[in-house]
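This report concerns only the one structure given below.
Numbering (our numbering), first residue to last: 80 to 483.
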């Protein structure tokens with residue numbers, strides 16, 4: 080891990096928050112890379128699938144943190160904007176969601192085949208369409224995701240157990256189909272204005288069948304959005320189908336499925352404008368409780384850890400406030416506000432959440448040194464060096480303390 084002296088960290092944070100445009104202006108002729116394209120051959124589908132991978136900014140700065148994964152269908156069109164939203168909402172001084180890996184799945188080539196849970200020739204105009212002959216491949220597509228894609232991602236990246244599945248329009252169908260047929264594969268499902276009209280509203284029928292056999296006790300989050308639609312003669316099969324499903328889901332879902340829903344007003348949003356705003360609303364709903372407010376940061380920091388413990392319990396996976404942000408708050412109290420108790424609280428929080436972080440122990444050691452506690456300063460600098468022998472600041476400070 081590249082070590083940055085702490086005072087430099089403090090000044091960097093001030094520069095970032097107070098003069099963001101100045102910081103950006105110093106970058107010249109550097110590509111802004113938001114992700115990587117890669118291919119995975121599927122034996123299940125007998126074809127090569129194109130993937131888009133986004134990793135958080137902190138990923139390459141540590142070797143100990145594991146991240147939630149968001150699996151995104153329609154990756155060819157939505158990956159860039161959705162991963163940008165994830166990047167923004169998980170960064171800055173008051174993150175609303177945790178950092179996560181985004182896996183976009185290109186679905187344009189066989190979108191109808193992969194997304195449709197049943198075989199049907201009837202389109203949204205209510206008449207047969209030749210293009211729908213390849214429909215009915217959702218089960219096979221979901222098998223590819225479960226048996227090949229997820230194991231590949233888990234073996235290639237530092238992932239934790241929390242997974243979110245996202246689909247829009249036609250690709251919302253396999254997201255709900257996964258909820259109904261694949262026990263415990265995903266922890267949360269985000270469905271944007273899905274094609275509830277498909278095959279005479281077969282998803283609604285499948286939901287009722289699902290209720291008769293559902294025995295899962297794990298908490299699951301589901302967010303579904305749609306728009307207000309007016310009755311028309313062009314798309315009769317689309318009218319009210321999604322809203323009908325959403326109301327039925329709200330009324331009859333099992334108690335352990337936590338449900339958020341949003342209906343956007345007619346003419347304010349439509350089917351094509353909804354992906355971005357719905358994704359923001361949905362991902363914030365799923366990770367509700369993650370955002371911390373300034374009064375919590377500065378007045379009641381002891382409540383933050385209990386807040387994240389409750390969030391982790393609800394999600395069934397350890398979720399912690401970003402290490403760099405907690406470190407920054409610790410130094411704010413150590414040097415700016417001169418509040419040693421709060422400074423040490425934040426530094427110890429990082430050690431609790433990131434026990435393999437050399438920098439976390441280095442920061443706590445510095446606070447002990449400022450407090451005049453030489454014994455604990457030495458102890459924590461030694462721990463920092465044990466975790467990272469290349470931590471030059473810990474070497475230097477330990478040598479200084481040993482000479483005293």
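Note that beta-carbon positions come from the ideal geometry of N, C-alpha and C, so glycine has one too.
Computed from a prediction, not measured in an experiment: that's the story for all the values here.
By DSSP's assignment, residue 128 forms a beta bridge with 119. Here the alpha carbon of residue 257 sits roughly 11 Å from the alpha carbon of residue 267. Annotation for residue 409: no beta strand (DSSP E) segment contains it, though the alpha helix (DSSP H) segment containing it runs 402–410. Between residue 151 and residue 181, the C-beta gap is smaller than 9 Å, which places the two residues in contact.
Under the DSSP definition of a beta bridge, residue 337 partners with 300. A buried status is given to residue 445, since no fewer than 16 other beta-carbon atoms sit within 10 Å of its beta-carbon. Listed in chain order, the alpha helix (DSSP H) elements of length 4 or more contained wholly in the stretch 424–453 are 437–450.
Inclusion of residue 249 and residue 273 in the CB contact set at 9 Å is warranted, their separation being smaller than that value.
As the crow flies, the alpha-carbon of residue 353 is around 44 Å from that of residue 415.
For residue 155, the uninterrupted alpha helix (DSSP H) segment begins and ends at 154–168.
Closest in alpha carbon position to residue 277, among 328, 208, 345, 359, is 208. Here DSSP, grouped into helix, strand and coil, assigns residue 267 to strand. Taking a contact as a CB-CB distance under 8 Å, the pair residue 112 and residue 232 does not count as one, their CB atoms being some 19 Å apart. According to the DSSP assignment, residue 239 belongs to the beta strand (DSSP E) that extends over 238–247. Pairing residue 110 with residue 163, the inter-Cα distance amounts to about 15 Å.
With fewer than 16 other Cβ atoms from the protein chains shown falling within 10 Å of its own Cβ, residue 167 counts as exposed. Contact annotation: residue 477 and residue 464 have beta-carbon atoms nearer than 9 Å. For the set 404, 321, 453, the Cα lying nearest the Cα of residue 380 is the one of 404. Boundaries of the alpha helix (DSSP H) harbouring residue 281: 277–292, taken from the DSSP string.
Contact between the stretch 231–245 and the stretch 134–147 is present: three or more C-beta pairs spanning the two stretches fall below 8 Å.
The shortest C-alpha to C-alpha distance from residue 390 to any of 368, 299, 378, 411 is the one to 368. Residue 398 and residue 387 have their C-alpha atoms some 7 Å from each other. DSSP places residue 254 in the helix class (H, G or I) of the three-state scheme. Segment contact: the stretch 132–141 against the stretch 320–332, fewer than three CB-CB distances shorter than 8 Å; contact not assigned. Secondary-structure assignment with DSSP links residue 201 through a beta bridge to 207.
A distance of 9 Å or more separates the beta carbons of residue 215 and residue 186.
Ranked by how close their Cα comes to the Cα of residue 408, the residues 433, 437, 431, 375 have 375 in first place. Between the C-alpha atoms of residue 471 and residue 412 there is a straight-line separation of about 24 Å. Following the DSSP letters along the chain, one finds residue 184 inside the beta strand (DSSP E) bounded by residues 180–184.
Secondary structure note for residue 481: its alpha helix (DSSP H) is the uninterrupted segment 471–482. If you check the CB distance, residue 271 and residue 247 come in under 9 Å. Contact check for residue 217 and residue 252: beta-carbon distance about 7 Å, within the 8 Å limit, so the pair qualifies.
Taking the Cα positions, residue 351 is about 41 Å away from residue 382. The shortest CA-to-CA distance from residue 263 to any of 189, 336, 114 is the one to 336. Assignment of beta-bridge partners to residue 148 by DSSP yields 180, 242. The beta carbons of residue 358 and residue 269 sit closer together than 9 Å.
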